[in-house]
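The structure appears below as structure tokens.
Number of protein chains: 2
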Amino acid sequence: MGFDLIHTPAALIDHAQMSHNIARMQARMDGLGVRFRPHVKTTKCVPIVREQIAAGACGITVSTLKEAEQFFAEGIVDILYAVGMVPAKLPQAAALLERGCALKLIVDNVESAQAITEFGRTRHQAFEVWLEIDTDQHRSGLAPEGAALLEVARALVGEDANPGGSAQGGARLGGVMTHAGSSYALSTPEALQAMAEQERAGCVRAAQRLRAAGLPCPVVSVGSTPTALSARQLDGVTEVRAGVYVFFDLVMANVGVCAPTDIALSVLTTVIGHQREKGWALVDAGWMAMSRDRGTQAQGRDYGYGLVCDALGQPLDAYVMSSANQEHGIVAHSIEPDHAIVERFPVGTQLRILPNHACATGAQFPQYEVLETDGAVQSWPRFYGW
Amino acid sequence: MGFDLIHTPAALIDHAQMSHNIARMQARMDGLGVRFRPHVKTTKCVPIVREQIAAGACGITVSTLKEAEQFFAEGIVDILYAVGMVPAKLPQAAALLERGCALKLIVDNVESAQAITEFGRTRHQAFEVWLEIDTDQHRSGLAPEGAALLEVARALVGEDANPGGSAQGGARLGGVMTHAGSSYALSTPEALQAMAEQERAGCVRAAQRLRAAGLPCPVVSVGSTPTALSARQLDGVTEVRAGVYVFFDLVMANVGVCAPTDIALSVLTTVIGHQREKGWALVDAGWMAMSRDRGTQAQGRDYGYGLVCDALGQPLDAYVMSSANQEHGIVAHSIEPDHAIVERFPVGTQLRILPNHACATGAQFPQYEVLETDGAVQSWPRFYGW
Numbered sequence: 001m002g003f004d005l006i007h008t009p010a011a012l013i014d015h016a017q018m019s020h021n022i023a024r025m026q027a028r029m030d031g032l033g034v035r036f037r038p039h040v041k042t043t044k045c046v047p048i049v050r051e052q053i054a055a056g057a058c059g060i061t062v063s064t065l066k067e068a069e070q071f072f073a074e075g076i077v078d079i080l081y082a083v084g085m086v087p088a089k090l091p092q093a094a095a096l097l098e099r100g101c102a103l104k105l106i107v108d109n110v111e112s113a114q115a116i117t118e119f120g121r122t123r124h125q126a127f128e129v130w131l132e133i134d135t136d137q138h139r140s141g142l143a144p145e146g147a148a149l150l151e152v153a154r155a156l157v158g159e160d161a162n163p164g165g166s167a168q169g170g171a172r173l174g175g176v177m178t179h180a181g182s183s184y185a186l187s188t189p190e191a192l193q194a195m196a197e198q199e200r201a202g203c204v205r206a207a208q209r210l211r212a213a214g215l216p217c218p219v220v221s222v223g224s225t226p227t228a229l230s231a232r233q234l235d236g237v238t239e240v241r242a243g244v245y246v247f248f249d250l251v252m253a254n255v256g257v258c259a260p261t262d263i264a265l266s267v268l269t270t271v272i273g274h275q276r277e278k279g280w281a282l283v284d285a286g287w288m289a290m291s292r293d294r295g296t297q298a299q300g301r302d303y304g305y306g307l308v309c310d311a312l313g314q315p316l317d318a319y320v321m322s323s324a325n326q327e328h329g330i331v332a333h334s335i336e337p338d339h340a341i342v343e344r345f346p347v348g349t350q351l352r353i354l355p356n357h358a359c360a361t362g363a364q365f366p367q368y369e370v371l372e373t374d375g376a377v378q379s380w381p382r383f384y385g386w
Numbered sequence: 387m388g389f390d391l392i393h394t395p396a397a398l399i400d401h402a403q404m405s406h407n408i409a410r411m412q413a414r415m416d417g418l419g420v421r422f423r424p425h426v427k428t429t430k431c432v433p434i435v436r437e438q439i440a441a442g443a444c445g446i447t448v449s450t451l452k453e454a455e456q457f458f459a460e461g462i463v464d465i466l467y468a469v470g471m472v473p474a475k476l477p478q479a480a481a482l483l484e485r486g487c488a489l490k491l492i493v494d495n496v497e498s499a500q501a502i503t504e505f506g507r508t509r510h511q512a513f514e515v516w517l518e519i520d521t522d523q524h525r526s527g528l529a530p531e532g533a534a535l536l537e538v539a540r541a542l543v544g545e546d547a548n549p550g551g552s553a554q555g556g557a558r559l560g561g562v563m564t565h566a567g568s569s570y571a572l573s574t575p576e577a578l579q580a581m582a583e584q585e586r587a588g589c590v591r592a593a594q595r596l597r598a599a600g601l602p603c604p605v606v607s608v609g610s611t612p613t614a615l616s617a618r619q620l621d622g623v624t625e626v627r628a629g630v631y632v633f634f635d636l637v638m639a640n641v642g643v644c645a646p647t648d649i650a651l652s653v654l655t656t657v658i659g660h661q662r663e664k665g666w667a668l669v670d671a672g673w674m675a676m677s678r679d680r681g682t683q684a685q686g687r688d689y690g691y692g693l694v695c696d697a698l699g700q701p702l703d704a705y706v707m708s709s710a711n712q713e714h715g716i717v718a719h720s721i722e723p724d725h726a727i728v729e730r731f732p733v734g735t736q737l738r739i740l741p742n743h744a745c746a747t748g749a750q751f752p753q754y755e756v757l758e759t760d761g762a763v764q765s766w767p768r769f770y771g772w
């Protein structure tokens with residue numbers, strides 16, 4: 001069986017599986033008593049984000065102001081821009097505010113906080129700003145116990161104890177947020193639960209320090225797909241963020257928060273030739289389709305550029321895309337050369353490749369081909385760029 | 387100095403450097419007495435390809451039929467589709483032929499050759515087909531000395547000694563082509579010259595065997611950027627192909643065919659924060675901007691996700707993008723933590739990052755920002771997808 005009308009390579013979504021993933025996460029968040037704010041950088045696709053909202057999401061997280069603009073144009077108002085704000089992007093953010101977008105910015109340093117406050121005063125706009133907290137030392141953010149936490153907060157709300165923000169504009173301290181990205185490097189339930197608790201505790205501690213200093217901190221936002229699916233309790237947290245759970249991928253399977261059969265995104269490809277002696281089938285999906293992401297390289301199981309499935313999506317566990325050029329992939333048995341690969345996967349055979357990293361693979365395609373359980377296929381556009 | 391009007395991250399082209407790279411390659415090809423057919427998969431950008439044609443290119447090489455369609459629409463007629471042809475793509479190729487495109491296909495197996503021939507006969511179209519030759523065992527192609535070479539050729543032209551192709555359509559054998567992609571793994575002039583000679587000799591040998599069997603083989607096409615810039619003589623070769631030379635990149639610098647200062651593509655980014663103790667500057671270009679390509683990882687010098695330059699493009703040799711998340715890059719000294727990095731690169735500082743692999747980095751952007759020597763900047767769109 002194949003998909004004769006789909007040009008390969010194509011980014012396929014198993015719609016039923018994706019809906020299952022969305023429902024699973026939302027149910028978990030509901031059970032933990034927190035709001036859920038999906039990170040839409042994974043898909044950049046309006047129909048998918050609509051499904052996440054319909055399932056109960058309170059708003060969205062974005063990684064670029066272009067995402068904010070695109071989704072605000074679709075009627076989504078509550079948007080967190082989760083990359084540290086710099087002065088040059090303030091006019092773009094201000095334009096969103098003026099049009100009614102409830103955009104929240106994040107900062108982790110005094111310079112950016114001052115720039116936001118000054119720009120807001122000049123424009124008579126009050127930016128809602130959350131403080132980025134570093135709970136796992138993996139990237140950016142303020143230490144929960146450090147002096148800088150209060151310094152940055154005061155750069156936003158001023159020393160004049162006007163914590164709600166000035167009527168003349170400036171900035172308003174909306175809360176704290178953190179992302180325990182180092183959870184991606186873990187692979188046992190115990191370690192994941194511990195990291196989820198570390199993420200929760202560090203962010204709640206930062207909120208407590210702000211409140212103890214007389215500063216407002218209504219929102220406490222945490223999350224990553226691994227910690228969101230591992231947290232045992234989220235006391236003090238008001239909302240969780242996660243992105244890749246919507247599709248899952250092989251990195252998440254190695255982390256242990258999904259099975260390969262839970263992965264809703266794959267790349268459909270066609271066999272274009274062979275090297276029989278080497279046991280290779282050449283396919284028309286290379287790294288331009290899969291992305292160059294080799295996220296499973298340092299994990300328990302290295303899938304090369306992806307795990308091979310038949311055209312119906314059934315994993316052929318022993319076969320991986322072992323190597324890739326721009327528009328060529330090499331499919332091979334992962335343990336020993338399959339000298340019958342010419343007969344197994346003749347020229348023209350369609351295969352699906354499960355990706356290492358769904359965010360990176362999806363970004364290579366202008367649209368997704370969405371498979372319904374009745375066999376129907378529809379195209380959903382996605383955008384890219386900044 | 388910065389580029390206040392350019393939103394970061396942005397893909398910058400140094401136009402003068404790019405023109406220099408184009409002229410350098412064309413002059414080398416002219417000197418070796420061969421035609422030159424640039425691979426446009428690197429840029430997918432019309433104004434750049436126009437410059438390559440204006441410099442003397444005989445036509446173009448593409449990696450997708452979408453590239454063929456886009457560039458044919460711009461008036462470029464002589465196009466080689468350099469990925470093995472499969473039956474499902476024949477209607478798309480036939481449509482290009484019908485509209486007057488001098489499209490050439492490649493095959494390396496009897497099944498595809500037969501499918502092309504049969505489809506052509508049904509449509510009364512004669513596809514020009516080149517045989518893909520494997521001269522370095524790195525990917526696809528027919529062995530120059532193997533029996534399959536003549537079998538595939540005869541599947542195209544038939545056993546009836548009608549080598550020029552049938553008036554009733556089918557296929558026409560146009561030549562042989564090879565790509566010594568393993569040249570990317572080399573790093574000495576001697577090894578590169580030897581690989582260029584191996585690529586030349588293997589492809590010429592395949593042509594000789596076809597001609598000795600009474601089959602036509604007007605074109606002998608070879609190339610990769612490293613071998614094109616290393617070949618000492620190209621006797622028997624009629625044309626050369628190369629792609630990444632137009633920009634160059636850090637992989638090519640490690641191979642030794644360019645200096646870092648020859649690289650015409652960089653990613654402009656802005657510092658958004660720091661981790662002083664670690665010596666990190668956080669920037670707003672992550673792997674979504676740089677791509678996940680870590681091509682220098684296994685080379686003589688590993689540049690992480692890229693080499694850091696100041697806003698004017700001057701390499702700061704000791705600083706690299708050591709790590710990347712989707713929209714965050716970590717810039718650090720490559721040898722020891724720079725605890726003065728907060729003062730060296732304050733929030734808002736613009737930096738340029740030279741990429742590991744220009745083909746992969748360019749593909750992440752909807753357009754290039756092109757810097758002229760007089761300081762003017764223009765945007766050139768590029769396309770993506772299939």
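Protein chains in written order, with our numbering: chain A, 1 to 386; chain B, 387 to 772. Heads up, the beta-carbon is just placed ideally off N, CA and C, and yes, glycines get one too. The structure displayed is predicted, hence computed values, not measured ones.
Cβ-based contacts, 8 Å cut-off: residues of the stretch 701 to 712 of chain B near chain A: Asn711 and Gln712
9 Å Cβ cutoff, A:Trp130 in contact with chain B: Walking along the first sequence from the start, residue 130 of chain A turns up at place 130. For A:Trp130, the answer is no, since every Cβ of chain B falls outside 9 Å of its Cβ.
Contact set between the stretch 269 to 282 of chain A and chain B, restricted to residues whose Cβ is under 9 Å from the partner: Thr270, Val271, Ile272, Gly273, His274, Gln275, Lys278, Trp280 and Leu282
Beta strand (DSSP E) runs contained entirely in the stretch 633 to 661 of chain B, provided each spans 3 or more residues: 651 to 661
Whole-angstrom distance between B:Gln403 and B:Thr759, CA atom to CA atom: In the second sequence, residue 759 of chain B corresponds to position 373, counting from 1. In the second sequence, residue 403 of chain B corresponds to position 17, counting from 1. Near 10 Å, if we compare the C-alpha coordinates of B:Gln403 and B:Thr759.
Span of the alpha helix (DSSP H) around B:Asp416: Residue numbering aside, residue 416 of chain B sits at position 30 when the second sequence is read from its first letter. Looking at the DSSP string, the run of the alpha helix (DSSP H) that includes B:Asp416 is His401 to Leu418.
Coarse secondary structure for B:Ala397, derived from DSSP in three states: What you label residue 397 of chain B is simply residue 11 of the second sequence in a count that begins at 1. Here B:Ala397 sits in strand by DSSP.
C-beta atoms of B:His393 and A:Trp386 nearer than 9 Å: Looking up residue 393 of chain B in the second sequence gives position 7. Looking up residue 386 of chain A in the first sequence gives position 386. Contact: yes.
Beta-bridge partners of A:Ser230, as assigned by DSSP: Indexing the first sequence from 1 puts residue 230 of chain A at position 230. Beta-bridge pairing links A:Ser230 to no other residue.
Check whether B:Met581 and B:Ser568 have beta carbons under 9 Å apart: Indexing the second sequence from 1 puts residue 581 of chain B at position 195. Indexing the second sequence from 1 puts residue 568 of chain B at position 182. Contact: yes.
Ordered list of beta strand (DSSP E) runs contained in the stretch 42 to 72 of chain A, each at least 3 residues: 60 to 62
Proximity test, Cβ basis, 9 Å: A:Gly33 and chain B: The count along the first sequence starts at 1 and reaches residue 33 of chain A at position 33. Chain B contact via Cβ: absent.
In DSSP terms, what B:Asp464 is bridged to: In the second sequence, residue 464 of chain B corresponds to position 78, counting from 1. In the DSSP output, where bridge partners are listed per residue, B:Asp464 has B:Ala488.
Distance, A:Ala171 Cα to A:Gly165 Cα: To locate residue 165 of chain A, count along the first sequence from 1; it is residue 165. To locate residue 171 of chain A, count along the first sequence from 1; it is residue 171. The predicted model places A:Gly165 with a pLDDT of 49, which falls under 50 and marks its position as unreliable, so this point remains unresolved.
Residue-level contact to chain B via CB, A:Met252, 9 Å cutoff: Within the first sequence, numbered from 1, the residue matching residue 252 of chain A stands at position 252. Not closer than 9 Å to any Cβ of chain B, the Cβ of A:Met252 fails to qualify, so no.
Whole-angstrom distance between A:Glu74 and B:Cys487, CA atom to CA atom: Translated into positions along the second sequence, residue 487 of chain B becomes position 101. Translated into positions along the first sequence, residue 74 of chain A becomes position 74. Taking the straight line from one Cα to the other gives about 41 Å.
Start-to-end residues for the alpha helix (DSSP H) that takes in B:Arg540: Residue 540 of chain B sits at position 154 when you count from the first residue of the second sequence. Residues Ala534 to Val543.
Residue nearest to B:Arg687 in terms of C-alpha spacing, selected from B:Gly561, B:Cys589, B:Pro646 and B:Gly532: Counting from one through the second sequence, the residue named residue 687 of chain B turns up at place 301. Comparing Cα positions, the closest option is B:Pro646.
Chain-ordered neighbours of A:Lys41 on chain B, where CB pairs are closer than 9 Å: For this step, residue 41 of chain A is matched to residue 41 along the first sequence. Here the neighbours are Met674, Gln712 and Glu713.
Residues, ordered as in the chain, of the stretch 744 to 755 of chain B that lie near chain A by beta-carbon distance below 7 Å: Cys745, Ala746, Ala749, Phe751 and Pro752
Neighbouring residues, chain A, relative to B:Gly470 (Cβ below 7 Å): Looking up residue 470 of chain B in the second sequence gives position 84. Under the 7 Å cutoff, chain A gives Ile272, Gly273 and Leu282.
Where A:Gly174 sits in the DSSP three-state scheme: On the first sequence, position 174 is the one that residue 174 of chain A refers to. Three-state DSSP puts A:Gly174 in a strand.
Below-9 Å beta-carbon distance, A:Pro87 vs any chain B residue: As a first step, residue 87 of chain A is located in the first sequence; it is residue number 87 there, counting from the start. Cβ-Cβ to chain B under 9 Å: yes for A:Pro87.
Per DSSP, cross-strand counterpart(s) of A:His387: Shown here, chain A extends from 1 to 386; a query on residue 387 of chain A therefore has no answer.
Alpha helix (DSSP H) segment containing A:Ile116, residue limits: The count along the first sequence starts at 1 and reaches residue 116 of chain A at position 116. Counting along the chain, the alpha helix (DSSP H) containing A:Ile116 begins and ends at Val110 to Arg123.
The alpha helix (DSSP H) enclosing B:Glu722, as first and last residue numbers: Along the second sequence, one-based indexing puts residue 722 of chain B at 336. Element bounds for B:Glu722: n/a, residue is neither H nor E.
Within-9 Å CB hit, B:Trp772 to chain A: Taking the second sequence and counting its residues from 1, one reaches residue 772 of chain B at position 386. Output row for B:Trp772: interface = yes.
Reference A:Gly146; option with closest CA among A:Leu312, A:Pro346, A:Thr238 and A:Gly202: Locating residue 146 of chain A in the first sequence gives position 146, counting from the first residue. Of A:Leu312, A:Pro346, A:Thr238 and A:Gly202, the residue nearest in Cα terms is A:Gly202.
Check whether B:Ile519 and B:Leu535 have beta carbons under 9 Å apart: As a working note, residue 519 of chain B is residue 133 in the second sequence. As a working note, residue 535 of chain B is residue 149 in the second sequence. Result yes, Cβ atoms of B:Ile519 and B:Leu535 sit closer than 9 Å.
Contact under 9 Å by Cβ, B:Thr428 with B:Phe633: Against the second sequence, residue 428 of chain B aligns to sequence position 42. Against the second sequence, residue 633 of chain B aligns to sequence position 247. Yes.
From B:Arg627, B:Asn407 and B:Val653, residue whose alpha carbon lies closest to that of B:Phe422: Here residue 422 of chain B corresponds to residue number 36 of the second sequence, with the count starting at 1. Cα-wise, what sits closest to B:Phe422 is B:Arg627.
Contacts around A:Val244, its chain only, beta-carbon distance under 7 Å, and the 5 residues preceding and following it disregarded: For this step, residue 244 of chain A is matched to residue 244 along the first sequence. Within the same chain, A:Val244 has close Cβ partners Thr42, Thr225, Met252, Ala358 and Cys359.
is_contact[A:Thr122, chain B] using C-beta, thresh 9 Å: The count along the first sequence starts at 1 and reaches residue 122 of chain A at position 122. A:Thr122 does not count as touching chain B.
Exposure of A:Lys278, with buried meaning 16 or more beta-carbon neighbours within 10 Å: Stepping through the first sequence from its first residue, residue 278 of chain A is reached at position 278. So A:Lys278 ends up on the exposed side.
C-beta atoms of A:Met321 and A:Val308 nearer than 9 Å: In the first sequence, residue 321 of chain A corresponds to position 321, counting from 1. In the first sequence, residue 308 of chain A corresponds to position 308, counting from 1. In contact: A:Met321 and A:Val308 (Cβ atoms closer than 9 Å).
Sufficient close CB pairs (3 or more, under 8 Å) joining the stretch 23 to 30 of chain A to the stretch 202 to 220 of chain A: no
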